[in-house]
Amino acid sequence: MKLKIRLSNNKIIAGALMSIALINSGCNDFLNKVQPQGQESSITFMQTQDNVELAIVGLYNMLTFSRGSGPDGDWVDNHFDCYFGSMMSDDSEKGSQPADNPNGLTQLTMFQLTPSLALNNYFYIHGFWGVSRANFILDNIANANFPANIKQRMMGEAHFFRAYYYYYLLQHYGGMPIFRSSVTASDFGSIPRSSYSETMQFIIDELKEAEELLPNREEYGSSDLGRASKGAARGMLARVMLYRLGTDAECSNTWQDLYDITNSIITSGSYQLVPNYATLFEEVTDGDYRRESLFEYTGKNGSQNAGMVLSWFFERNRSAAGGWGFNQPTQDLVDAFDITDPRLSCTVYGIGYNNGILYGIPSNFPDRAGQMMTNYYSRKMATYDGESGRDALLTGTTKAIFVIRYADILLMHAEAAYYLQREDEARQKVNEVRRRARESSYCQGFMIGSPREFVYPDITPNIPDLDSSVTGQALLEAIWNERRLELGMENIRTYDLIRTGRLLDRLSKVKDQYRTGGAGPVNTNNNADMEIRIPGIGNNIQQYCLKVNVPGTGGGERYLPLLAIPNTEITYWNIEPNHNN
């Protein structure tokens with residue numbers, strides 16, 4: 001891992017400094033508080049609060065990196081969670097035109113997880129770059145000269161992000177070498193690869209440490225909004241536990257553990273569902289969404305040649321210059337909604353829904369025949385053009401990109417309650433989510449000529465509460481389905497399919513068997529006439545994914561789509577290869 005050595009010593013300072021100049025946040029106000037100065041040695045650099053703050057901000061900015069040159073002049077790898085989280089599920093297609101294949105994205109979404117896939121390197125570098133930044137802070141903050149309470153909070157942030165990036169690596173590669181401090185020359189070849197379960201446990205221990213050190217969200221001032229908090233650590237801990245319960249054959253956690261951590265979030269009183277679902281996914285200045293967000297990030301471009309490309313990457317809007325249009329929702333996702341559910345309008349837009357209206361204007365999609373793989377785009381990533389055109393919004397957005405929302409916590413709690421034979425409580429938590437959906441408006445700009453209005457349905461949406469007749473397996477499937485509707489296109493679906501053992505079945509059907517034979521882009525089962533069949537995707541999953549059997553309640557046969565370990569890591573670090581190397 002050569003890159004880890006370069007970025008774990010003095011170069012990490014350059015990375016943290018550069019990241020401030022590259023991306024200024026629109027909503028994470030604390031990112032604007034400090035300005036880059038110059039490079040210093042690691043010993044002197046970490047002596048002041050301002051300089052440690054620069055290093056901390058470097059952890060947050062890793063979430064938003066998606067274009068431009070890194071500190072070594074190399075193209076910055078991306079943090080697109082949608083690659084795994086959505087495109088490899090039944091919720092979305094790769095998108096853009098079929099021939100558009102950046103770094104092997106087509107092969108990734110077809111589950112052709114071979115050692116030659118370029119993305120093998122990118123995800124690995126990105127994850128360990130984040131780990132490296134966290135380790136640098138934890139190695140050097142102890143002797144810094146500023147108040148102990150601020151130092152404690154910063155240490156909590158570093159532990160939070162070390163867990164976050166190790167979880168990122170685990171989802172993509174499985175068990176990892178565990179580095180608890182910056183890499184030194186003596187580490188070459190001497191740090192063994194930890195098992196999947198050992199890596200999971202390390203992540204959980206880190207999050208528990210972060211939970212102890214971080215303040216509650218309410219303790220932050222207005223200039224520090226957006227920082228990781230005690231609630232963020234608990235939410236991430238719940239996310240990791242949920243995934244572990246369905247994928248770790250040696251899991252030491254229980255459904256009671258998950259129930260307890262989600263219950264602590266619910267009873268804290270710090271979070272609640274915002275009244276109108278549609279307001280969550282608009283560019284905002286008042287921070288109203290923070291009532292529901294346990295952790296999110298935002299970002300806009302700075303003055304140098306790096307930044308976010310999120311909106312441009314996902315949108316295909318108004319004109320040929322409007323974006324590439326990757327990560328396109330499937331007809332199967334659209335069909336999962338009741339047509340009266342307002343959340344559908346917040347999840348998709350395009351020629352297949354509501355006459356293509358986006359922010360009050362019917363979109364033309366002038367070259368759709370060559371630039372689309374489904375009839376839809378992700379509404380949750382769409383940006384408002386305004387009167388001045390798109391140029392200012394092509395790559396940056398003040399939209400919140402949610403990592404964990406309170407609705408997710410409620411549904412995780414419902415699932416844990418189900419497995420603990422608390423079905424009444426499970427139904428209650430699902431119904432809280434369904435009730436909010438039932439009382440929400442359509443997305444902003446749903447009607448022609450009303451680009452900024454939130455219009456409510458004329459009739460009550462058909463989203464009834466679950467009653468006592470929904471029990472047993474039907475209740476479990478109702479919880480899973482509610483997760484799909486509530487969290488659609490938020491890059492969670494693939495992991496839900498993996499941990500519940502449904503990946504092979506759902507993708508075999510939705511992306512292959514439900515579509516007609518041959519190479520034609522036809523799906524006669526649900527009239528998704530833009531969707532291209534992927535013949536044999538089920539065989540690819542069985543061939544390239546790691547098959548594991550998870551014992552216990554909620555366990556079973558699982559297919560983990562792990563990438564091959566980069567060849568350089570096997571050669572230089574003697575890292576044990578994955579099954580598909």
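Under the UniProt record's numbering, the first residue of the sequence shown is numbered 1, with each subsequent residue one higher.
Where a beta carbon is used, it is the ideal one built from N, C-alpha and C, also for glycine.
- With the rule of 3 Cβ pairs closer than 8 Å, the segment 503–511 counts as touching the segment 536–550.
- If you draw a 10 Å sphere on the C-beta of PRO192, you find fewer than 16 other C-beta atoms in it, and that means exposed.
- Between the C-alpha atoms of TYR289 and ALA185 there is a straight-line separation of about 46 Å.
- The segment 110–124 and the segment 187–202 do not touch, with fewer than 3 CB-CB distances between them shorter than 8 Å.
- Inter-residue distance for GLY554 and THR374 is about 33 Å (C-alpha atoms, whole angstroms).
- The residue among GLY226, PHE179 and GLY156 with its C-alpha nearest the C-alpha of LEU207 is GLY156.
- Annotation: HIS579 to GLU198 spans about 18 Å, alpha carbon to alpha carbon.
- DSSP places SER132 outside any beta strand (DSSP E); the residue lies instead in the alpha helix (DSSP H), whose first and last residues are 119–140.
- Judged by DSSP secondary structure, LYS547 falls within the beta strand (DSSP E) whose first and last residues are 546–550.
- Here ARG180 is exposed: its Cβ has fewer than 16 other Cβ atoms, across all protein chains shown, within 10 Å.
- With contacts defined as CB atoms closer than 7 Å, GLN328 and TYR377 qualify as a contacting pair.
- Collapsing the DSSP output to three states places GLU490 in coil.
- Residue state for GLU93 is assigned as strand, using DSSP reduced to three classes.
- Residues ARG244 and ASP248 of the same chain have their beta carbon placed closer than 6 Å to that of MET200, with the five preceding and five following residues left out of the count.
- Runs of beta strand (DSSP E) with 3 or more residues, each lying fully within the segment 437–517, are absent.
- Selection ILE339, ASP335, THR298 and ASP424 evaluated against LEU63 yields THR298 as nearest (Cα-Cα).
- By alpha-carbon distance to VAL274, the top candidate from ARG435, GLN421, SER223 and TRP324 is ARG435.
- Cα atoms of SER363 and GLU93: separation of roughly 21 Å, rounded to the nearest angstrom.
- Leaving aside the five residues that flank TYR406 on each side, the residues in its chain whose CB is nearer than 7 Å to its CB run, in chain order, TYR271, GLN272, LEU273, GLU292 and LEU294.
- In the three-state DSSP reduction, LEU294 falls in the strand class (E or B).
- About 7 Å separates the beta carbon of GLY445 from that of ARG452, a gap short enough to meet the 8 Å contact definition.
- Using a Cβ-Cβ distance cut-off of 8 Å, the segment 158–166 and the segment 123–139 are in contact, since at least three pairs of beta carbons, one from each stretch, lie closer than that value.
- When DSSP states are grouped into helix, strand and coil, ILE541 belongs to the helix group.
- With fewer than 16 neighbouring CB atoms inside 10 Å of its own CB, THR44 falls in the exposed class.
- Within the model, the alpha-carbon separation for GLU423 versus THR471 is close to 7 Å.
- By a beta-carbon distance limit of 8 Å, PRO177 does not contact ALA564. Their separation comes to about 16 Å.
- Secondary structure note for LEU560: its beta strand (DSSP E) is the uninterrupted segment 556–560.
- When secondary structure is reduced to three states using DSSP, ILE565 falls in the coil class, being assigned neither helix nor strand.
- Within the model, the alpha-carbon separation for GLY269 versus LEU333 is close to 33 Å.
- In this structure, GLY174 places its C-beta atom within 7 Å of the C-beta atom of LEU562.
- Per DSSP, reduced to three states, the secondary structure at ALA414 is helical.
- Two segments are said to touch when three or more pairs of C-beta atoms, one from each, lie closer than 8 Å; by this definition the segment 218–229 does not touch the segment 140–152.
- Per DSSP, the unbroken alpha helix (DSSP H) holding PHE202 starts and ends at 196–213.
- For the pair LEU59 and ALA233, the Cα-to-Cα distance works out to about 15 Å.
- Residue pairing of GLN328 in beta bridges, as defined by DSSP: GLU93.
- According to the DSSP assignment, GLN47 belongs to no alpha helix (DSSP H), since it is labelled neither H nor E.
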